[in-house]
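A short worksheet on the structure shown next.
Residue numbers (the numbering used here), protein chains in the order written: chain S, 9 to 370; chain C, 9 to 370.
Encoded structure:
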């Protein structure tokens, strides 16, 4: 019954928030943080049973394509679409849209992330199935996450009236999309009970989303049509390389979702979703020992050490911690990060600083 | 006027308190912590003007001898005395004593350390000169340090009546030697004003200290006499190798000083002496930056970082600290130590643990 259902995994991000582990040459989705699989491999494998590999598309950049193909050899080579350079999620989704349309004009397309944690994978597949039905009924479905705390690191979706139910999941009209809030606003939204976190994942019919591009982003739409015209010809690469640099960077949220019609949200509970957006987020997704410590790689001896994370690239090194709490220690060989857990977001500041200098640390 | 004055530098220690930098194969006196010179080199060079190199003896172990000779090529090769194995400071001083006696029966001998910091080197040379006069007058002179805080990491010397003055420095009878005290006792001793820290440095006439060995440590004395008998013969090495392992380990404090006659102390003020006995002691001897941070080696970026020490073996590595205070970070390539400053003494605990296991980390 889901034979026209396709997954589009966005895997072109670089991600500086897990620096120094995430780098230009080793983006977040390639990291093996949770188990022996990379976040990308986990993102692909949790689709099993709902999307066979031939119905999974991956949009990425040239530098990452070989590695990603190697990590997921079951996905056909031609399903990897290459952005010549990053131009925001609107263009990524547009590119996947025109590629899919050539293949199946009836396609329903799930736009998925490649670098998030989802603890409840059964629940996630059920959510994707419910969203499919919503999309078939003509809705642009956003996957929401019922908030468990007043997060300031995520965007929010304000729910309106209930539209109905699919597979036991309620679906609501969307009143508005909201940017990452301050702490007070986040607390208010949590209290109202009618806001969900924006997971950045969407499900819709291909014809419908392309109509929205035509209506709301005519310039990008023309550029995409030019690329689509050359898609099945020998001029595909040349056209893409020529047109893509002219595209104005834009996100799908700003460019399409905020002004779209028939936008709906299915808020999901108990997915144990986490965007693994910073080192401190690992405390939420990985089990700690009795002292709440998480040790990844290396050998560790801890005296009076608690609520701390130790990551080491090299298995044969010894790390000793004495009298430390709430500390993140990340050793990548060339760089050593020692950071209070509550300030883990500030690694971005360091990356920004390093970008202005001549070095190999980013 | 000091032509019979000899320095004996004890340089056989291993020192686990600056682990992971100090190792079996890289003891504390060989570390270049304060500047480009090792602590041993500094200890030799600050004797300049008082002891020419030919009157400096170094007692060490075989494993360290080559490195030490290389670090101080001006000291004659034969001035390096090798303990076959560590047997405590009493035997070290006894060995130096018999070697010196063969050379100059009128010798005055200053027993000095190889791994301490002394900020005021002029003051130190003046102290050694004053102690020489005390020794010539038949006193066993211990060099005391006027305490600046209630230290629990040093032994103490209780001063009795004043004997007199040498070169403007007062000299006192010694009432007792005291072990490292608890905090309350340390505070009391500081308040009385008649206690000095025991620096482990001594000055005495060679005939007088050897008399004390004969009187108080007859067994060791016999062993030393046997070695002395073979000293200028081809049997020196064989005799040393045979006799030394039978020596019972003992310190000079317990074995001789506590029961000796004519023991005196010159308490020195303003020497800026420090035994560099643990990582936190470096904050007392090295200048910090505006935030009180000390960075040795490597490249450092600190956000919201204060009162912390960063040591790195490799110059090309980057270390980033964010939101940390009072932290000691030491990276020696194979080992990374991250330790609260106040718990720096506990690295010994880790070394003890590692000794029970099969590894190359100590």
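C-beta: ideal position from N, C-alpha, C; glycine also.
Task: Interface positions of the segment 158 to 169 of chain C facing chain S (Cβ-Cβ less than 9 Å), listed along the chain - done: none
Task: Where residue 358(C) falls: helix, strand or coil (DSSP) - done: helix
Task: Cβ neighbours of residue 175(S) in the same chain (closer than 8 Å, five flanking residues each side left out) - done: 134, 137, 138 and 141
Task: alpha helix (DSSP H) segments (min. 4 residues) lying fully within the segment 286 to 357 of chain S - done: 290 to 293
Task: residue 284(C) (DSSP reduced to helix, strand or coil) - done: coil
TODO: Can you have a look at residue 9(C) and say buried or exposed, based on whether 16 or more other CB atoms are within 10 angstroms of its CB?
DONE: exposed
Open item on the list: Taking 8 Å as the threshold (beta carbon to beta carbon), is residue 369(C) in contact with chain S?
Closed with: yes
Open item on the list: If distances are taken between C-alpha atoms only, which option among 32(C), 154(C) and 319(C) comes closest to residue 167(C)?
Closed with: 154(C)
TODO: Out of 18(C), 289(C) and 108(C), state which residue places its alpha-carbon closest to the alpha-carbon of residue 352(C).
DONE: 289(C)
Open item on the list: List, in chain order, every chain C residue whose beta-carbon is nearer than 9 Å to that of residue 325(S).
Closed with: 341, 342, 343 and 344
Task: Residue closest to residue 144(S), alpha-carbon to alpha-carbon, out of 128(S), 118(S) and 68(S) - done: 118(S)
Open item on the list: Let's test the definition: count the other Cβ atoms within 10 Å of the Cβ of residue 221(C) and tell me whether it reaches 16, buried, or not, exposed.
Closed with: buried
Open item on the list: Suppose you measure from the CA of residue 151(S) to the CA of residue 342(C); what does that come to, to the nearest Å?
Closed with: 46 Å
Task: Min CB distance residue 24(S) to chain C below 8 Å - done: no
Open item on the list: Does residue 19(S) pass the burial test, meaning 16 or more other C-beta atoms within 10 Å, or should it be called exposed?
Closed with: buried
- [ ] Anything in the segment 198 to 227 of chain C with a Cβ closer than 9 Å to a Cβ of chain S? List those residues in chain order, please.
- [x] none
Open item on the list: Please list the terminal residues of the continuous beta strand (DSSP E) segment that includes residue 134(S).
Closed with: Taken as a continuous stretch (DSSP letters only), residue 134(S) belongs to no beta strand (DSSP E), being part of the alpha helix (DSSP H) at 129 to 144.
- [ ] Step through the CB atoms of chain S and report whether any lies within less than 8 Å of the CB of residue 358(C).
- [x] yes
- [ ] For residue 330(S), go through chain C and note every residue whose CB falls closer than 9 Å to its CB, in chain order.
- [x] 336, 345, 346, 347, 348, 351, 352, 354, 355, 357 and 358
Open item on the list: Per the DSSP calculation, residue 116(C) is bridged to which residue(s)?
Closed with: 13(C) and 213(C)
Open item on the list: Let's see if you can read the secondary structure: which residues bound the alpha helix (DSSP H) around residue 109(C)?
Closed with: 96 to 111
- [ ] Report yes or no: is there a C-beta of chain S within less than 8 Å of the C-beta of residue 5(C)?
- [x] Nothing can be reported for residue 5(C), as the shown portion of chain C is limited to 9 through 370.
- [ ] Determine the closest residue to residue 91(S) out of 101(S), 85(S) and 113(S), with distance taken between C-alpha atoms.
- [x] 101(S)
TODO: State yes or no: is the C-beta of residue 82(C) within less than 8 Å of the C-beta of residue 61(C)?
DONE: yes
Open item on the list: I want to verify the contact list: residues of chain C whose CB lies under 9 Å from the CB of residue 317(S), in sequence order.
Closed with: The premise fails here: residue 317(S) is roughly 12 Å from chain C at the closest Cβ pair, so nothing lies under 9 Å.
- [ ] Per DSSP, which residues does residue 18(C) bridge with? Please list them.
- [x] 67(C) and 121(C)
TODO: Give the interface partners of residue 309(S) over in chain A, defined as CB-CB distance under 9 Å, in chain order.
DONE: Here the protein chains are S and C, and chain A is not one of them.
Task: Listed by chain order, chain C residues near residue 312(S) by CB distance under 9 Å - done: 348, 351 and 354
- [ ] Mind checking who residue 173(S) pairs with in its DSSP beta bridge?
- [x] 178(S)
Open item on the list: Please list the terminal residues of the continuous beta strand (DSSP E) segment that includes residue 90(C).
Closed with: 88 to 91
- [ ] Kindly indicate which three-state DSSP category residue 51(C) falls into: helix, strand or coil?
- [x] helix
TODO: Count the other C-beta atoms from every protein chain shown that fall within 10 angstroms of the C-beta of residue 398(C), then say buried if there are 16 or more, exposed otherwise.
DONE: With chain C covering 9 to 370 only, the question about residue 398(C) has no answer from this structure.
TODO: Taking all protein chains shown into account, decide if residue 384(S) is buried (16 or more other Cβ within 10 angstroms of its Cβ) or exposed.
DONE: Outside the displayed range of chain S (9 to 370) lies residue 384(S), so it cannot be described from this structure.
- [ ] For residue 325(S), I'd like the list of residues in its chain whose CB is within less than 6 Å of its CB, leaving aside the five on either flank, ordered along the chain.
- [x] 306
Task: residue 370(C), DSSP secondary structure in three states - done: coil
Task: Cβ contact (3+ pairs, closer than 8 Å) linking the segment 54 to 70 of chain C and the segment 310 to 327 of chain C - done: no
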